[in-house]
Every structure is written in C-alpha cells, then in structure tokens.
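Protein chains in written order, with the UniProt record's numbering: chain E, 1 to 453; chain R, 1 to 460.
A quick write-up on the structure given underneath.
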Amino acid sequence: MSTNPWNDLEETLRQTLDEEELTRCMRCGFCLPSCPTYQESGKEAASPRGRIALMKAIHDGKISPDPTFQKQMNYCLGCRACEPACPADVRFGHLLEQSRAAITSHVPTPLWNKLIRRLFFHTLLPHRSRLRIVAVLFFVYQQLGLRTLFLRSGLAKKILPSHLLHMDKALPLASHRGVRERMKTDFHPAHGVAIGRVALFPGCIMDVLFPQTNTHTVQILQAAGYDVILPNKQPCCGALHAHAGEEKKAHQLAKENIDLFLKMDIDWIASNAGGCGAHLIDYPYLLKNSPQWKAFAHSFANRVKDISELILAGRPLTLHPLQQRVTYQSSCHLQNGMKVEKEPLNLLSLIPKIELVELAESERCCGSAGIYNLTHPHTSFHILDEKMERIRHTQANTIVTSNPGCLLQLTIGIHRARLQNQLRALHLIDFLMESMKAETSTDSASETPIKNY
Amino acid sequence: MFSTKIKESLIRILGNEFVCDDTETCITYSYDATPLYQELPDGVVFPKTTEDVQKILRLANEHHIPVIGRGSGTNLAADTVPHQGGMVMVMTRMNNIVEIDQENLTITVQPGVLTQAIHEAVEANWLFYPPDPSSMKISTIGGNIAEGSGGLRGLKYGTTRDYVLGLEAVLANGEVIRTGGKLVKDVAGYDMTRLLVGSEGTLAIITEAILKLIPLPETRKTMMAQFNNIDSAARTVSAIIAARIIPCTLEFMDQRTIQVVEDHAKIGLPRDMAAILLIEQDGSPSIVEDDLKKINQICLDFGSVHTHVAQNLAEGTKLMAARRNALSALARCRPTLILEDITVPRSQIATMVKIITDIADHHQLTICTFGHAGDGNLHPTILTDARDSLELPRVEKALADIFAAAIRLGGTITGEHGVGLAKAPYLEWKVGHAGYHALHAIKKALDPTNLLNPGKIFRS
Ligand SMILES: Cc1cc2nc3c(=O)[nH]c(=O)nc-3n(C[C@H](O)[C@H](O)[C@H](O)COP(=O)(O)OP(=O)(O)OC[C@H]3O[C@@H](n4cnc5c(N)ncnc54)[C@H](O)[C@@H]3O)c2cc1C
Ligand code: SF4
Ligand code: SF4
C-alpha cells in the first residue's frame, strides 16, 4: 500500500466496483427525473447516470478519485429511486455501497466523525443491550437538547439551530425495553390453527424508538394465523453499516444473522422496517465473495418478507371502521429494494370507512435516508418540506409509512410545517392495530385524537 | 479546463455556480445516450436567460470556442458529445412554461422544459401536444426540436416538426432571431422554423418555442394482433391505411423482440409468433369503437391468427406494456444496446425486416427489430458488448449494411434520432453529393466559423 490514501482508494475502487453493473448502464438518462439530488442541483454529476460515469471513469483509469468524488457519493441519498426507473436493471445501490466502502476504508476522516462512527456503528448498533443503555442516556440528552452535543462535535457549523430544534421535538422518547422485554416470552402462538411460523426481525432503531410497533407486529401476525418467534440476541442487520461504507462490519453482521435465523424452525422472517428488509434480502449479493455462505445467504433471503406481504397472505384481520383521511408515503427501501409497493395500500384499503387519498409523488424519498438528515440537513429538509407540501395537499390527518427512519423524518416534517394539530405520522402496523382495537359501534373513531411522538 | 481569462469572463456573465470546468463536471458532460462515444469538454455553462446565451456566444465567437447545446443528453446520435472539446451549454435552467394561449391554442416554452411537463400542463387544460418520444419523461423540448423527435403517435399526428409554430434562437454571432409566430399561415421568407427543427444544435441555440396544441381526444382503445409470418403483418399495416383509417399508434415487434420481452417481463406474449402489431385509436367514443371493429376485421382478413381488443383503458395499458417493456427487456440481455431508427416506405416493412434478419445472421449478431410500423420507422436494435473487440467491427459492418438497404428501399438512415456524429459518415448516402453540399452551404451561411456543435451532421 502506498502512503497516499487516494491512490489506495483508486486501487480498491478498481478492484471492487462491479464492472458488469457499470457496463450495463447505457446512459439513457431515464433515472434522472427520479433522482432527488439531480432535481435539487440540476447537475449531471449529482445524478445516478453521472455518479455511475464517475465510478466508471475511475474504474477505467481515466480519472483518480478525489475529495469531490467523496463528496458526490455522500451527497447521494442512497434512496435507490433510480433503480426501478432503470430499463437496464442497473443496481445503483450496490455500486454506491462499493464506492462508500472503499472511501471509508482509505480516506482519513476528521476525528469527531471517526469517533461518532465508531460509537454508532461498532459499539452501539451491533449490541442492542448497549443501545438500550444509551437509550436511557439519550433520554437525558433529549431533556438537555441535542444542540450541545452537536455544537461540540463540529457538525454544528453545517446545521442550523432550527433544524436541531425540530429534530429534538420530533424524536420519540427512547425506550430501554424492547419487544422481547415487553412480551416476556419468545414464543407467541397463532390465534387458531397456525398457517406458518414466523420469526420477527425486530430491528435496532425500531426496537429502541418504536418498541410498541414491534409488539403490535407480533400481535397482528398472531391474529393473521402465524406462530411468532422472537429471537434472542438478534444482531443489527447491518444496513446502516453497508450504506455508510462500514463493509467489514456489515459482512460480519450478515453472517451472524444468517447463523441465528437458519438455526430456527421457521417459514418466514418478518421485517417491519423497509430499510432492514431490503438489506436482509440483499445478503446473497453482500456475501457474493464468500462461496461457503452462498447457499445459506440465499436460503435466508428467500425467507425474508415484509410484514404487509405476510399479513395479506394470512387470515383476514378483524378490522373496525376508522373514519379518517389517510395517505401513504412509501419507504424508499421497501419500494425500491424489497419491491413492495401495493401491499401496504391494499392493507389500508381493507379498513372499513377509511378515506384513502393518494399522495402525489409518494415514491419520492422524504429525505431521511439513514443519517442523511444529520449529514446534509439543507438538502434533507428541502426535500422534506416539498414532501410536506404534497402531504398537506391531501388534507389527510394521518400519514402512514413503514420504516422508522421515515417515521422520524415525517414527524420532523410535521413540526417544521407546524401541522402538529392536524396531522400525525404512524407506522402501518400501529394504524392497523388502531383499527383492530377501534370500537365497532360508536363512530368515535373519527375523533381519534392526534397523537404525535 | 477553460483558460483563466475565459473563465473569468464566463463567471462575470453567469456567476460562479454556473461555470464549471472541474474534472467531475467534464466527465459527466462527456457523453449522451449513444453507446461507444465519449469526449471531454473544456467546461460547462448553465445559462438562465436569452441574454446569457447571447453573451456566451459572443465570447465563444471571439475566442473560437465550440459551443455544444445540451438538454438532458438523451439523444442517440452522439449529438452532445463534445468531440472537438469546447463548451457544453446546458439549457435545463431555462425551464419555464411561459404561457398557454387558450384562444390561439398554443403553448410558449423555454427550451429546458421537459416534454412530459408540457404534456401535463396542456392536458390539465384539455389540450393535447401529441409528440411522445419514449424518452419524454426526461427529454427537453429543446432537444426534441433540435432532433425533430418523433414518437408512438407519429403516424396520425406527425412529429415535433409539425407542432413548432415559432422559435426564438440565438445565432453563432450572438444575434437573436425570431421565426414564425402564433400563426397557422406564414410565408414571409424561407421557413426558418422548419430549418431549425432537426438542426441538431448546429445552426442556432433555441431559447424559446411556440408550439401548436390541439383538443385532447376524448378516449382511446387498444388492440393486439398476432401473426405467424411477417408478410401478413406488413400487409395488414398497409391494408389498414388503405381502408382510410389512421390509428394513432401502430407498433410492430418481430419474433426476436417478442421472445426477449417475454423472457424478461413474462406478460404472456406468444413466443412462437413471427410478429405482433399493437394498435391504438383515439378520438370520440363512437369513432374509436367503429375504427377498432374495422381494424380487427382487417387483421383477421389479412391473416392474423389471433386478435385481442382491450375492453377498457386498464386492459389497453396492459397490452401496450409489451411495447413499453421492449427497451428494458432488450437492455437486460447484453451490456450494450445500439438502437437504430431507419425508416422505409410503409410498403417495404416486411422486406426490410427480412433483410435485417439476414444481416444479423450474416454478421453473427443479435438484432431485434421493433418500431412504428405505421410510419415505416423501424428500430433494429443490436445487442452487443462494448468490450468485445471481436464483435464491434461486425456491428459496424452490420450498421452500414442496414443503412444501405434502407436507402435502397427508398428509405432513410434516421427517422427521428438525428445524424449527429454517429451517422455523419452515412449522410451523403442518403442526400447525395449535391444534397450534401447544399446542406453544408446552409451551415456555412449561418455559422461561418463552425462554432456550433462542430463535427455533427457533417463529416469533419
Ligand atoms: C431510451 C431512449 C428512447 C428514446 N426514444 C425516442 C423516441 O421514441 N423518439 C425519438 O425521436 N427519440 C427518442 N430518443 C432520443 C432522444 O430522447 C431525443 O433525441 C430527445 O429529443 C433528446 O432530448 P434531450 O433533451 O435529451 O436533448 P440532448 O440529447 O441534450 O440534445 C439533443 C440535440 O439537441 C441539441 N439541443 C439541445 N437543446 C438545444 C437548444 N436549446 N438549442 C439548440 N440545440 C439544442 C443538442 O445540441 C443535440 O444536438 C430516445 C432516447 C433514449 C435514450
Ligand atoms: S440513490 Fe437516490 S439520490 Fe442516489 S443517485 Fe439514486 S435516486 Fe439519486
Ligand atoms: S436509467 Fe439505468 S441505464 Fe439509464 S442512465 Fe440511469 S442507470 Fe444508466
């Protein structure tokens, strides 16, 4: 290895970027209209086609990577909206992860960034018990306001205080009790004769910030006729690691998960977070260079289903009328990664009396994109504000989504747009649960109080 | 990179953000949708107003810097590849819809407006702008005009050319000209509007366009007809037109295309059929109903082994999915896809398709053909791999053979994609020696120093 990290990066990119994927891009430009950063900047370099051209130029030895390349890869939301738009089936997400992984392993990052990364990706996320301890600390932070933390970390220069204020308000109270602690046992039998056995993939962020949603997921799966198993000590799926270029850790976590779940006697692995699910089904590609894992990774990925698919395939739920105006924002990775588009809407439409309004451009990213709203607040919030305008237009009082990141971002959006009194953001599962629990006889459902996290 | 002096002058005109000559920018404006072509510009500029364009062109003129106008870079003729370096002028910031005139039925737009945005804006007013290139979600109207783009509805409604009523454009010397207007009739001088349509950025930079609109058809209906030999399909096409019916869409797919689409999209297409026709008619419900009945009968009379008329719009969309999936299906087969667009007289379609099949066999290549049968515009699509140095020379030869055959049958080398760099060597085959020089004389008169998109259309 040379002493110049950029040379090393170049070498690694040449070796790791998927040449087939790069060549398959025929530069038709069909992905451009779906790309939020192209829309925002109007520059080809910030489009999927442009980013691929940059990767290809490096791969072909025409240019060397430099800080602008790094910046461009970070500016990308990773929303993968470019994938369904692509006639040639270029998997941009893979190319992005390969680029980011190479950057992470070679390019020196500022110390504060490194420390935060270490803390987040290595010390906390892989261990939910630790994450949970932090949840308690986090609670304290929340009381103090996140601002102080960021002012010290150096991020503050990039972030307007008002952004932080909104984030601060939007964060739900973190909980130190996840679904397993709440539900006591690890086996929850189906109501009636079981039609299948499902292990819940509880997710890290989900289980710390939205444990209630996980509990509801178990209950709804039971009602739909599935035996539900809550795995013990399930590691993080590694999605955030892979997206941020922490490749080695992502591989290790994938293997741990495959090991854990394939030992269980189950038919399906249920995901209720689009971000996790899309990453889980991608394990075979992630581990493509480890031949001994190939068969296992496939067998694992084939079992992963989004919760909406399992519920629709199960026994009909007893849903009570909810007289509400509701709209749906899809999670990018659920839609573009897991290719689950219609199922959540189909489920919502089963609720009697519901007024389901279509959200224009619901397929567009809300700007959450992992930790993008922390790293690129301006772009993130600009995208979010446009999203909120569309949502406002639907006059809905509930916006349903199916990923914790999106849920947080939309809640921030509600605060930014000062719509707290007329709009709430809710996970699909929690909304279904509301309908299952609603009183059949009264129409008090129409007055369901607006509850924001 | 721009020289410091040029860069400073450009920045004075546009501001820092809109003058770029860094590596990242140059790489990402070095290509368009044409495979195998890539060349770096000196830099890229993003004008916002007609005055910006004027000032930039004057500067470029003074310093002899080539200027390449660019919309979204989706053309298929290497028309925005800066193969002599120079300055790429990206028009996408000029993206305002200036006005929709309900009395004169026109829309006035800046060149960077996306084609689809025009459709949406006018259809909201129950008006119709028919040209619909498959790339319309991302192509700009400036690009459409400069290429004279067509689309699926060309047979009945014509192409971009038929909808441009007037233009504002900046000449190479920085002077602004205005051609045509909101006029149905206008013979004052040469038809400069039509000259600029299809000029591929070689004569002027278009800064505003007045487009003709028509009333939005009330409804439409779709059908599919399957054939077990190409001749019956081709004869059916001619018979439909001979019966004085002009469907809005009359699309054709050959067996290789059908099989590839079916392999990938699994929409239930008949793999064993030699060809299918996808036919759509629009208009008032009674006419549409009537026409489709007649067309269906003609298809059966002329040897279609199976026809299917969609019962509603949703079913129609499903039928058309076969055509819409064609490109994606083909694109997934091999890494590189070369999409050609020769056009022959309608009566020669069957002959042309058979010749293409022979050429493919002769050069051992995979060529799938689909296209706009109604107007004789075929898309022979070569599936190859840009990295295969043994195959590429055969591709070159096959292309030349296809162009030669099209011309022999009374056709042309390009129906809607343009000549650009990719087909410049073949232009003279089509227009002849005298024709070539007449065209070149026009170029010389309007752009004497060869500033605008040099090397395109004409061999350099
Ligand atoms: C998958 C695919 C499908 C396609 N389908 C069709 C189709 O069905 N029918 C069809 O006709 N074409 C089709 N095309 C070709 C292409 O989309 C069209 O040529 C389109 O008009 C190009 O628009 P653009 O904005 O991308 O222009 P660009 O590619 O950026 O430019 C095209 C030409 O216009 C010039 N130009 C651009 N703006 C200006 C301006 N303001 N003033 C002067 N010159 C200018 C450029 O110099 C260049 O010569 C397809 C392309 C692809 C990749
Ligand atoms: S992942 Fe999203 S932001 Fe990144 S290139 Fe694709 S569409 Fe654009
Ligand atoms: S849509 Fe696909 S093939 Fe076309 S430019 Fe984008 S990534 Fe490349």
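For glycine and all other residues, C-beta sits at the position ideal for the given N, C-alpha and C.
Everything numeric in this text was worked out from a predicted model, so none of it was measured.
Beta carbon proximity, residue i to chain R, threshold 8 Å
i, result
"E/Ser402", "no"
"E/Arg24", "yes"
"E/Thr68", "yes"
"E/Gln335", "no"
"E/Gln222", "no"
"E/Gln72", "yes"
Neighbourhood of residue i by C-beta distance below 6 Å, restricted to the same chain and skipping five residues each side
i, result
"E/Ala273", "Gly203, Met206, Asn403, Pro404"
"E/Val140", "Confidence in E/Val140 is poor, its pLDDT being 49 and thus under 50, which makes the residue's placement unreliable; the coordinate value appears in the next sentence. Hits under 6 Å: none found."
"E/Ala360", "Arg390"
"R/Ile442", "none"
"R/Thr92", "Gly112"
"R/Arg178", "Glu168"
"R/Ala225", "Leu277, Cys299, Ser304, Thr307"
"R/Leu427", "Val419"
"E/Arg303", "Trp268, Ile269"
"R/Met192", "Thr179"
"residue 461 of chain R", "No answer is possible for residue 461 of chain R: the residues shown for chain R start at 1 and end at 460."
Cβ neighbours of residue i in the same chain (closer than 7 Å, five flanking residues each side left out)
i, result
"R/Thr106", "Leu165, Lys182, Ile210, Leu211, Lys212, Leu213"
"E/Arg177", "Pro211"
"R/Met1", "Asp21, Asp42, Gly43"
"E/Gln72", "Ala45, Ala46, Arg51, Leu54"
"R/Ile138", "Ser72, Thr74, Leu114"
"E/Tyr75", "Thr37, Ala46, His376"
"E/Arg182", "Pro211, Thr215"
"E/Leu9", "Pro65, Ala102, Ile103, His106, Val107"
"R/Leu76", "Ala33, Thr34, Leu339, His417"
Chain E contact residues for residue i, given Cβ-Cβ distances below 9 Å
i, result
"R/Thr74", "Arg27, Cys28, Gly29, Phe30, Leu32"
Residue-level contact to chain B via CB, residue i, 8 Å cutoff
i, result
"E/Ala295", "The structure shown has no chain B; the protein chains it does contain are E and R."
Below-8 Å beta-carbon distance, residue i vs any chain E residue
i, result
"R/Ser460", "no"
"R/Asp32", "yes"
"R/Ala265", "no"
"R/Pro41", "no"
"R/Arg387", "yes"
"R/Leu337", "yes"
Contact list for residue i against chain R, beta-carbon separation under 8 Å
i, result
"E/Asp89", "Ser328, Ala331, Arg332"
Interface residues of chain E facing residue i [CB-CB closer than 7 Å]
i, result
"R/Ile138", "Gly29, Phe30, Leu32, Pro33"
"R/Pro35", "Met26"
Proximal residues to residue i (C-beta, below 8 Å), its chain only, five neighbours per side dropped
i, result
"R/Val395", "Ile338, His363, Leu365, Ile382, Thr384"
Can you give me, in chain order, the residues of the segment 86-112 of chain R that have a beta carbon less than 7 Å from any beta carbon in chain E?
-> Thr92, Arg93
Within the segment 117-166 of chain R, ranges of the beta strand (DSSP E) (whole runs, at least 3 residues) | none
Taking only beta carbons into account, state which residues of the segment 17-29 of chain R come closer than 7 Å to chain E, listed in chain order.
-> Asp22, Thr23, Glu24, Thr25, Ile27, Thr28, Tyr29
Residues within the segment 92-107 of chain E neighbouring chain R, beta-carbon criterion of under 9 Å | none
3-residue-minimum beta strand (DSSP E) runs that sit fully inside the segment 173-214 of chain R, ordered along the chain = 176-180, 204-212
Contact set between the segment 393-425 of chain R and chain E, restricted to residues whose Cβ is under 8 Å from the partner = none
Can you check the segment 338-415 of chain E for any alpha helix (DSSP H) of at least 4 residues that lies completely inside it and give the ranges in chain order?
-> 343-349, 372-375, 377-394
4 or more residues per run - each alpha helix (DSSP H) lying fully within the segment 23-107 of chain E = 36-41, 48-59, 67-75, 92-106
Contact list for the segment 35-65 of chain E against chain R, Cβ threshold 7 Å | Gly42, Glu44, Ala45, Gly50, Ala53, Leu54, Ala57, Ile63
Start-end ranges of the beta strand (DSSP E) lying completely within the segment 359-383 of chain R, minimum 3 residues | 366-372
Minimum length 3: unbroken beta strand (DSSP E) runs contained in the segment 297-323 of chain R | 306-309
Kindly provide the ranges of any alpha helix (DSSP H) runs that are 4 or more residues long and lie completely inside the segment 23-50 of chain R, ordered along the chain.
-> 23-28
With a floor of 4 residues, list each alpha helix (DSSP H) that falls wholly inside the segment 208-256 of chain E, ordered by position along the chain.
-> 211-223, 239-243
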